[in-house]
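Report on the structure given below.
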Amino acid sequence: MRKKTTIPHILKMKQNGQRITVLTAYDYPFARLVDNGGVDIILVGDSAGVVVAGHDTTLPVTMDEMLYHVRSVKRSAPKALLVADMPFMSYQTSIEDACRNCGRMIKEGGAEAVKVEGGSNIAHVIRAVSSIDIPVMAHIGLTPQSIHRMGGYKVQGRADQAERIMDDAFAVQHAGAFAVVLEGIPATLAAEISAELTIPTIGIGAGPYCDGQVLVIHDILGLCEKYSPKFVKRYADIAPLIISAVEQYVAEVRNGEFPAEEHSFS
Ligand code: KIV
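Number 267 marks the last residue of the sequence shown (the working numbering); no jumps.
Structure representation (structure tokens):
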């Protein structure tokens, strides 16, 4: 039987050169499916704000919304490690806010780790939260909560920015992060960071040389029709299946074919 994935297991995977698989999930049914598919880590991403709630950015997502998603995923009792994304303004304002809100994800949500965006600028938060035994996954490079500073979702770490991203990677590792997401950076830079760090790197739009990969479940299933970034690979196209099922239902209710006798009580 598959064992529960833990932080030491994830660290060992890097040491053994085993690639780490991560997908997002936001609710009970998808968490069950994703876990049954065998991923190592389920990330309850604040991307929920975009792919579930329909916002243009992740900025409006609240602690209460994230707690709702994390609890829903937790009820699926995943074997995968459960990581909760911290929403914008839940950890940037003070160490006290960060510890309290990260603690809520563990205590009230049932998460086993949290993720925060930022490098050197947020290292003090990573240090404080890790010091109270809440494992922290860092997230550097293209950090969606910094959309206004970046002026859009743009690749980071090209040319003169590369050194800053490398410094961020060392800063989060030094602060105690157990892993770091590298988003939207050149593959060569991600390869260099992955070779230098002792903690696992999890890439998204960061090429093939990271220690693991993460994608948004709605993107790989073709559920997000609005926009599909270059780094996404679509493994299924389920939107047309859903539309066709709905069309069939609508037609059958209208023509009296559904419900039939077998769907009715005597
Ligand atoms: O919010 C999210 O889903 C994420 C991943 C895409 C890394 O941060």
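All C-beta atoms in this analysis are idealised placements derived from N, C-alpha and C, irrespective of residue type, glycine included.
A distance below 8 Å separates the beta carbons of Val215 and Leu44.
The alpha-carbon separation between Val182 and Pro260 amounts to approximately 49 Å. With fewer than 16 neighbouring CB atoms inside 10 Å of its own CB, Met2 falls in the exposed class. Glu184 has its CB nearer than 7 Å to a heavy atom of the ligand KIV.
For Gly213, the uninterrupted beta strand (DSSP E) segment begins and ends at 213 to 216. Listed in chain order, the non-local C-beta contacts of Phe171 below 8 Å within the same chain comprise Glu197, Leu198, local neighbours out to five positions each way being set aside. With a threshold of 16 other beta carbon atoms within 10 Å, Lys116 meets it and is buried. Taking a C-beta distance under 8 Å as the contact criterion, Val137 and Ala163 do not qualify as a contact pair. Taking a cut-off of 8 Å on C-beta distances, the region 199 to 212 touches the region 14 to 22, as three or more cross pairs fall below it. Annotation for Glu184: the continuous beta strand (DSSP E) segment containing it runs 180 to 184.
The region 32 to 77 contains, as complete beta strand (DSSP E) runs of 3+ residues, the segments 42 to 45 (chain order). When the beta-carbon positions are compared, Met87 and Cys103 come within less than 8 Å of each other.
With respect to the 8 Å criterion, Gly185 and Ala207 are classified as neighbours on the basis of their beta carbons.
In the three-state reduction of the DSSP assignment, Glu258 falls in the coil class. By the Cβ test, the region 238 to 245 is not in contact with the region 38 to 54, since fewer than three Cβ pairs between them sit closer than 8 Å. In this structure, DSSP gives Leu24 an extended state, which the three-state scheme calls strand. Looking only at His125, Thr63, Arg105, the smallest Cα-Cα distance to Gly177 is reached by His125. When DSSP states are grouped into helix, strand and coil, Leu83 belongs to the strand group. Remark: the shortest separation between the CB of His70 and any heavy atom of the ligand KIV does not fall under 7 Å. Within 7 Å of the C-beta of Leu143 there is not a single heavy atom belonging to the ligand KIV. A direct Cα-to-Cα measurement between His56 and Asp65 gives close to 16 Å.
A distance criterion of 7 Å places the beta-carbon of Gly46 in contact range of the ligand KIV, judged by its closest non-hydrogen atom. In this structure, the ligand KIV has a non-hydrogen atom nearer than 7 Å to the beta-carbon of Val215.
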